[in-house]
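Trainee: Numbering (our numbering), first residue to last: 276 to 434.
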Amino acid sequence: MHNTPLSGISADTLNALLDDAFGADRRVRTAYLLRKGMAAIDHLSFGVLDDDALVASIQCWPVRVGMANLVLVGPVAVASHRQNEGLGTQLMQLTLNAATPRDAPMVMIGDPEYYGRFGFEAKGTSGWTLPGPWEPRRLLLRNVEMVALPTHGMLGPTD
């Protein structure tokens, strides 16, 4: 197995993995509304190949709250037959290691019990809203550089 930039993976291959990991109805989820029309951030988006098969991926997207830029992390997708092998953890670490101080703070919709170990927490997001349904405890922020962010605002795609 080896890691590869996701930009080298075909859209059909990536979509097949995402459908397998999340189901074909994945496109109606709130996270899709957040990144609508955006291109993934190349230097933070990766895949894991086993031979030539894509078995896991992580994508990051430019979003904002108010006028503040953020990086939306996710989806973190692992093929159904390869789950519980640590591939999601491997991808999260890869993305966090690739992040630079120039990158905006990271936000995601996820389980705090899992993503807390990567420095994500709901602190600072309670006044933010999303363009679809979400559980406030699952809107997580990782702001290592302690960038000043709005306390209230709608999360959405950049222009």
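The beta carbon of each residue, even a glycine, is placed where N, CA and C say it ideally should be.
With distances taken from CA atoms, which of Glu388, Met429, Gly385 is nearest Pro406?
Mentor: Comparing Cα positions, the closest option is Met429.
Trainee: Which runs of the beta strand (DSSP E) at least 3 residues long sit entirely within the stretch 342–419? Give them in chain order.
Mentor: Listed in chain order, the complete beta strand (DSSP E) runs (minimum 3 residues) inside the stretch 342–419 are 343–353, 381–384, 414–417.
Trainee: State the DSSP-derived secondary structure class of Val422, mapped to helix, strand or coil.
Mentor: The answer is coil: DSSP assigns Val422 none of H, G, I, E or B.
Trainee: According to DSSP, which residues form a beta bridge with His277?
Mentor: Looking at the DSSP assignment, His277 forms a beta bridge with Leu324.
Trainee: Specify the secondary structure class of Ala314 as computed by DSSP and reduced to three states.
Mentor: The answer is coil: DSSP assigns Ala314 none of H, G, I, E or B.
Trainee: Can you list, in chain order, the residues of its chain with a C-beta nearer than 8 Å to that of Thr400? Leave out the 5 residues immediately preceding and following it.
Mentor: Hits under 8 Å: Val382, Pro411, Leu414, Leu415, Leu416.
Trainee: Just reading off the alpha helix (DSSP H) that Leu309 is part of, what are its end residues?
Mentor: Unbroken alpha helix (DSSP H) run through Leu309: 305–309.
Trainee: To which residues of the same chain is Glu420 closer than 8 Å at the C-beta, ignoring the five residues directly before and after it?
Mentor: Once the five neighbours on either side are set aside, the close Cβ partners of Glu420 are Pro376, Pro380.
Trainee: Just verifying my parser: in three-state terms, what is the DSSP assignment at Ser285?
Mentor: The answer is coil: DSSP assigns Ser285 none of H, G, I, E or B.
Trainee: Is Thr288 closer than 9 Å to Cys335 when the C-beta atoms are compared?
Mentor: No, the pair does not count as a contact, with Cβ atoms beyond the cut-off.
Trainee: Can you round the beta-carbon distance between Leu281 and Ala315 to whole angstroms, since I take them to be within the 8 Å contact cut?
Mentor: 7 Å between Cβ atoms; contact.
Trainee: Just the Cα atoms here: how many angstroms apart are Thr364 and Arg392?
Mentor: If I take the Cα positions, the gap works out to 10 Å.
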